[in-house]
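A.B. asks: Have a look at this one before I ask anything.
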Amino acid sequence: MDSISATFGKGHHLHLIDGSAFIFRAYHALPPLTRKSDGLPVGAVAGFCNMLWKYVTDERGSDAPTHAAVIFDHSAKTFRNQIYSAYKANRPEPPEDLRPQFPLTRDATRAFNIACIETEGYEADDIIAALSCKARDAGGRVTIVSSDKDLMQLVGDGVQMLDPIKGKPIDRDEVFEKFGVWPDRVVDVQALAGDAVDNVPGAPGIGIKTAAQLITEYGDLETLLARAGEIKQPKRRQTLIDHADQIRISKRLVELDCNTPLDFTLESLEVRAPDAPALLTFLSEMEFRTLTARVAERLGAEAPAVVSAPPRDAPAAPDLPPIDRAAYETVTDRAALDRWVQSIRDTGHVAIDTETTGLDEMQADLAGICLAVAPGVACYIPVGHVAGGDAGGGDDLFGQSALVAGQLPLAQVLAALKPVLEDDAILKIGQNLKYDWKILARHGIRMAPLADTMLMSYALNAGTHNHGMDELAERYLAHKCIPIKDLIGTGKAQINFAQVPIDKAAPYAAEDADVTLRLYRHFAPLLPVERVTTVYETTERPIVPVLAEMEMAGIRIDSDVLRRMSGSFAQSMAGLEDEIFALAGQRFNVGSPKQLGEILFDKMGLAGGKTGKTGAFSTSADVLEDLAAEGHDLPSRILDWRQIAKLKSTYTDALPTFVNPETGRVHTSYSIAGAQTGRLASTDPNLQNIPVRTEEGRRIREAFIAAEGHRLVSLDYSQIELRILAHVADIPALKQAFRDGIDIHAMTASQMFGVPVEGMDPMIRRRAKAINFGVIYGISSFGLSRNLRIPRAEAQDFIDTYFQRFPEIRAYMDRTVADAKSDGSVRTLFGRRINTPGINASGPAAGGARRAAINAPIQGAAADIIRRAMVRMPAAIAGLPARMLLQVHDELVFEVREDAVDDLIAAARTVMEGAAEPAVRLSVPLVVDAGVGANWAEAH
DNA sequence: GACATCACG
DNA sequence: GACGTACGTGATGTCC
């Protein structure tokens, strides 16, 4: 930095960051934060700083910029308003709470020690253009950090763009993709097509597609205008002739000028290292606790001398010692172990984490156990470490790795811990405790009582972020955990945790327990403040052992049946492939959507446009069904092939590989804090998406069988989400129908179309059903028209009629969205909070957030209800020879001894139908249907 | 590792 | 400053 800069030129790389785009992204992506001390709105500044920090710390290797600047728009009025007074006229004023943040973003840029540039009378785009030209002409390279389409004209010749959100470069090909012409003709296309957002008029009735076609045909805009008389389409010809002046003005509006005056040199933009004190001062003045700490740690780690004065409000609470990995103890003798057990008894709680040889709790072996009793007071007890890994050697004569010496025997450690782990007076704190619970249960220890930091975070923050420990530590403790990859590596060279040398494993492992304990202390007081204690205590915390027992029980499957099905599927697929190749006139990979798209749309010339950002043809079932309906055979065969291929690869081939060799059963794993809405998710394997909708698929359920002398019993809630909607939206007609037990979709159809329920046309009922579901999902005419394959206007008519007939639903939707906007979250009937970031965004992205906010309280309440039922179920069926095995959102599957089927159904149904009470007294009944069989197909 | 596709509620 | 379209999931195969 002190060295005299060389003149900017070859080998130099200039980064130009579109500051205004950063600000607006930040503003819309974040909830409206204010500074605690004085209420100053700082949400956009916070997001802006986070983006800059991410930008600054991104590893770019040899591609790193040598020069960089952030460029801002100076004011709304620019020279373009002299050309065309209405330019950007329909741009709304920036929001009230954003305006005071503009100058702060300049301060932030300077605090990051990045050049901060704006010029009166010019837009950021003009300055970026001038700098790009200048740098390129000097022989350097330029990267414009922005995804603004107005800048795309600059791409090429050493200038590229970089989408800051996706991190993806935008080069000539992407520009061509977007505009249908190369960058040098982009302004011509823009001049013709105009731009509603910037209020650039263009030529009426001409969009990007048509514009690109015309420019390609005539070469450039002037030629096109000169020869406009030759255009065949009369309307298009007249438009171009009539609006030639307007088009030329449009071109001047969109064209960026390389000659925008600059009052500084390229050399002055040379990248400078952050000035740590200045940056930390700014960030702490803004009161960004997390970011301040993150920046301090990063800069401190690289240049410890710089951080002389720690920021005023570093996040670590002052009473907590900092995390010190060197302070952890490795327990290798009996006396030390006894001392730790005594500490646990003294404090009445312990944070615990198990380290194992794998991720499958049903098969993994213990490598060690970590404990923490106070922040900073943690230990690691190795019990299963073996020689190997990068230590090399150590295999004994049998090819088995021998235990490393100096570890306490596993049995002794477990025997010493078992009394405290099962002691009702000692709280066991963990992160995703279901995992550790299962590991220890396999060794005869059933931990209770439990507290789970992952579930606390889920109760507090569902919808905002994920709840893994590394993420939580960074967010709430401003601490970066040692990545597991640092110990076990990745890919083929990956070793298991038992092979990690103990001296390397201990700090990592003990840190996990320490961090967990600190997270617990952070979250515990927040639960009552945020009013999520009831949710945590009734639907999160107690479900851990319930799910653990279900997963350990597993379900029996008949692998032979599945293997036979695989064989028969293979034959069907081979037969279909022959037909497909014959119809296509060539062989190809039927499983490749890319190859299929080329054959259907390029080679055979069927209608069906491109889609998506990759520009590839869509060959989804939707598209193929339409083609099949037009009488094309190939798409129809492909659909058949796909269905069989799916069943084979995902189910009949895969399921047998999940059979546990010891139990002979399949053990899924439920993630408790994965879904945004409170639902569970099933993984490894997913047993919540076993086929049922088609006849062939349903046969896979026949392979899910009961143990000898037992039956499978399935109980499922009937229409639970619609019942919840009827209750929360308080819709008299719907509630009465549920009370009377009549067909709800037929009733809806009857009300909407004025036809009697008796003898209803199935097609009419189907439409009503689609609308009922649509409402739950935050209906749109587009979605409904696609689902029912009817014109959009007709779909809109249906929706209008529906809202007219059930006005309470509209009121509920509006109310929910309003709540989401003001609170940043929505709640279920049972108090579960689901955060709704992005609800205050504008534009189409807001549509998705809006629909999610409408759906969340309904889907979430249904999830609450079945969770409540599951928590109560073990006690309710304790006296019966029965086990709960699976949950599929609104269904519970049990395995019951033959003679106890009726008792089980009675007991479980009572629990399920009463699960909302006493917390909520629903104004509609909950109804549970039951089925019994030797296999899941019969039971369902 | 991203994307497309498709299985479920 | 552009953005795609019913909500919520997970697994698989292709292709880069």
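With full-length UniProt numbering, the residue at position 208 of the first sequence is 208, and numbering never jumps.
Even for Gly, the Cβ is constructed at its ideal location relative to N, Cα and C.
#1: Would you say the segment 488-499 touches the segment 356-363, given that touching needs at least three Cβ pairs under 8 Å?
#2: Determine which residues share a DSSP beta bridge with residue 930 and list them.
#3: What is the DSSP secondary structure of residue 859, reduced to helix, strand or coil?
#4: Does the Cβ-Cβ distance between residue 717 and residue 926 come in under 8 Å?
#5: If you draw a straight line from the alpha carbon of residue 407 to that of residue 503, how long is it in whole angstroms?
#6: Residues in the same chain with beta-carbon distance under 8 Å from residue 93, minus the five sequence neighbours each way, listed in chain order, please.
#7: Does DSSP classify residue 647 as helix, strand or coil?
#8: Residue range of the alpha helix (DSSP H) that residue 350 falls in?
#9: What are the boundary residues of the alpha helix (DSSP H) that residue 894 is part of?
#10: Hey, how far is the Cα of residue 354 from the Cα of residue 870?
#11: Under the criterion of a Cβ to heavy atom distance below 7 Å, does residue 14 qualify as lining the ligand MG?
#12: Sorted by chain position, which residues of the same chain lie with C-beta nearer than 6 Å to residue 795's C-beta, five sequence neighbours on each side aside?
#13: Fully enclosed by the segment 25-105, which alpha helix (DSSP H) runs are 4 residues long or longer?
#14: What would DSSP say about residue 447, mapped onto helix, strand or coil?
#15: Once you ignore the five residues that flank residue 310 on each side, which residues in its own chain have a CB closer than 6 Å to its CB?
#16: By how many angstroms is the C-alpha of residue 296 removed from the C-alpha of residue 316?
#17: So, with DSSP's three-state summary, where would you put residue 775?
#18: Under 8 Å between the Cβ atoms of residue 13 and residue 119?
#19: Going by DSSP, what residue range makes up the alpha helix (DSSP H) through residue 910?
#20: If the criterion is Cβ atoms closer than 8 Å, does the pair residue 859 and residue 677 meet it?
#21: By how many angstroms is the C-alpha of residue 190 removed from the C-alpha of residue 249?
#22: Within the chosen definition, does the segment 151-170 reach the segment 97-113 through at least 3 CB pairs nearer than 8 Å?
#23: Can you have a look at residue 847 and say buried or exposed, based on whether 16 or more other CB atoms are within 10 angstroms of its CB?
#24: By DSSP's criteria, residue 161 is part of a beta bridge. Which residues make up the other side?
#25: Using the beta-carbon count (16 or more within 10 Å), is residue 763 buried or exposed?
#26: Identify every residue that forms a DSSP beta bridge with residue 380.
#27: Assign residue 490 to buried or exposed, taking buried as 16 or more other Cβ atoms, counted over all protein chains shown, within 10 Å of its Cβ.
#28: Based on DSSP bridge pairs, tell me the residues matched to residue 610.
#29: Alpha carbons only, please: which of 525, 403, 373 is nearest the one belonging to residue 386?
#30: I'd like to know if the segment 677-695 and the segment 905-915 are in contact, where contact means that at least 3 CB-CB pairs between them fall below 8 Å.
#31: I'd like to confirm the pairing. Which residues does DSSP put opposite residue 115 in its beta bridges?
#32: Taking the C-alpha atoms as reference points, what is the distance between residue 855 and residue 810?
#33: Would you mind sorting residue 264 into buried or exposed? The rule is 16 or more other CB atoms within 10 Å of its CB.
#34: Ignore the nearest five residues each way along the sequence and tell me which others in residue 313's own chain have a CB closer than 8 Å to its CB.
#35: Checking 8 Å against the spacing of the C-beta atoms, do residue 426 and residue 420 come in under that value?
#36: In chain order, what residues of the same chain have a beta carbon less than 7 Å from the beta carbon of residue 834, not counting five sequence neighbours either side?
C.D. replies: Looking at the atomic coordinates:
#1: Under the 8 Å Cβ criterion, the segment 488-499 counts as touching the segment 356-363, having at least three qualifying pairs.
#2: Taking the first sequence and counting its residues from 1, one reaches residue 930 at position 930. Looking at the DSSP output, residue 930 shares a beta bridge with 715.
#3: As a working note, residue 859 is residue 859 in the first sequence. If DSSP states are grouped into helix, strand and coil, residue 859 belongs with the helices.
#4: One-based indexing of the first sequence puts residue 717 at position 717. One-based indexing of the first sequence puts residue 926 at position 926. Yes.
#5: The residue you call residue 407 lines up with position 407 of the first sequence. The residue you call residue 503 lines up with position 503 of the first sequence. Straight-line Cα distance between these residues: approximately 12 Å.
#6: Indexing the first sequence from 1 puts residue 93 at position 93. Apart from sequence neighbours up to five positions away, no residue of its chain approaches residue 93 with a beta-carbon distance below 8 Å.
#7: Here the question's residue 647 lines up with position 647 in the first sequence. Residue 647 falls in the helix class under three-state DSSP.
#8: Residue numbering aside, residue 350 sits at position 350 when the first sequence is read from its first letter. Careful: residue 350 lies outside any alpha helix (DSSP H), inside the beta strand (DSSP E) at 349-356.
#9: Along the first sequence, read from residue 1 onward, the residue named residue 894 stands at position 894. Annotation: residue 894 is outside any alpha helix (DSSP H); the continuous beta strand (DSSP E) that includes it extends over 891-897.
#10: Your numbering for residue 354 matches position 354 in the first sequence. Your numbering for residue 870 matches position 870 in the first sequence. Going by C-alpha positions, residue 354 is about 26 Å away from residue 870.
#11: This structure does not include the ligand MG; it has no bound ligands of any sort.
#12: Counting from 1 along the first sequence, the entry for residue 795 is found at position 795. Same-chain partners within the cutoff: 781, 784, 785.
#13: If you keep only unbroken alpha helix (DSSP H) runs of at least 4 residues inside the segment 25-105, you get 43-57, 80-83.
#14: Within the first sequence, the letter at position 447 stands for residue 447. When secondary structure is reduced to three states using DSSP, residue 447 falls in the coil class, being assigned neither helix nor strand.
#15: On the first sequence, residue 310 is found 310 positions in, with the first residue counted as 1. Low confidence applies to residue 310: its pLDDT is 34, below 50, so where it sits in the model is not reliable enough to give any reading.
#16: By 1-based counting over the first sequence, the position of residue 316 is 316. By 1-based counting over the first sequence, the position of residue 296 is 296. The pLDDT assigned to residue 316 is 43, lower than 50, so where the model puts this residue is not dependable; a value taken from the coordinates is nonetheless given after this. Approximately 12 Å, taken between the alpha carbons.
#17: Position 775 of the first sequence holds residue 775. In the structure shown, residue 775 sits in a helix (DSSP, three-state: H, G or I).
#18: Here residue 13 corresponds to residue number 13 of the first sequence, with the count starting at 1. Here residue 119 corresponds to residue number 119 of the first sequence, with the count starting at 1. Contact check for residue 13 against residue 119 fails: the beta carbons are separated by 8 Å or more.
#19: Here residue 910 corresponds to residue number 910 of the first sequence, with the count starting at 1. In this chain, the alpha helix (DSSP H) harbouring residue 910 covers 901-913.
#20: Along the first sequence, read from residue 1 onward, the residue named residue 859 stands at position 859. Along the first sequence, read from residue 1 onward, the residue named residue 677 stands at position 677. Yes.
#21: As a first step, residue 249 is located in the first sequence; it is residue number 249 there, counting from the start. As a first step, residue 190 is located in the first sequence; it is residue number 190 there, counting from the start. Cα to Cα, the separation comes out at about 11 Å.
#22: Judged by Cβ distances under 8 Å, the segment 151-170 makes no contact with the segment 97-113, as fewer than three pairs qualify.
#23: Along the first sequence, one-based indexing puts residue 847 at 847. Exposed, because fewer than 16 other Cβ atoms sit within 10 Å of the Cβ of residue 847.
#24: On the first sequence, residue 161 is found 161 positions in, with the first residue counted as 1. The partner list for residue 161 (beta bridge, DSSP) reads 144, 170.
#25: Taking the first sequence and counting its residues from 1, the one referred to as residue 763 is at position 763. Burial call: exposed.
#26: Residue numbering aside, residue 380 sits at position 380 when the first sequence is read from its first letter. Within the DSSP bridge table, the entry for residue 380 names 330, 370 as partners.
#27: Here residue 490 refers to the residue found at position 490 when the first sequence is read from its first residue. Classification for residue 490: exposed.
#28: By one-based count along the first sequence, residue 610 stands at place 610. Residue 610 pairs with 617.
#29: In the first sequence, residue 386 corresponds to position 386, counting from 1. Of all alpha-carbon atoms in 525, 403, 373, the one lying nearest the alpha-carbon of residue 386 is that of 403.
#30: Touching, no, given that fewer than three Cβ pairs across the two stretches are closer than 8 Å.
#31: Counting from one through the first sequence, the residue named residue 115 turns up at place 115. In the DSSP assignment, residue 115 forms a beta bridge with 69.
#32: For the purposes of this step, residue 855 is taken as the residue at position 855 of the first sequence. For the purposes of this step, residue 810 is taken as the residue at position 810 of the first sequence. Counting only the Cα atoms, residue 810 lies some 13 Å from residue 855.
#33: Position 264 of the first sequence, counted from the first residue, corresponds to residue 264. With fewer than 16 other beta carbons inside 10 angstroms of its own, residue 264 counts as exposed.
#34: As a first step, residue 313 is located in the first sequence; it is residue number 313 there, counting from the start. Because residue 313 carries a pLDDT of 35, less than 50, the predicted location of this residue cannot be relied on, and no value is offered for it.
#35: Working through the first sequence from its first residue, we reach residue 426 at position 426. Working through the first sequence from its first residue, we reach residue 420 at position 420. Closer than 8 Å, so yes.
#36: Within the first sequence, residue 834 is the residue found at index 834, counting from 1. The beta carbon of residue 834 is closer than 7 Å to those of 462, 463, 676, 677, 825, 826, 856, 860 in its chain, skipping five residues each way along the sequence.
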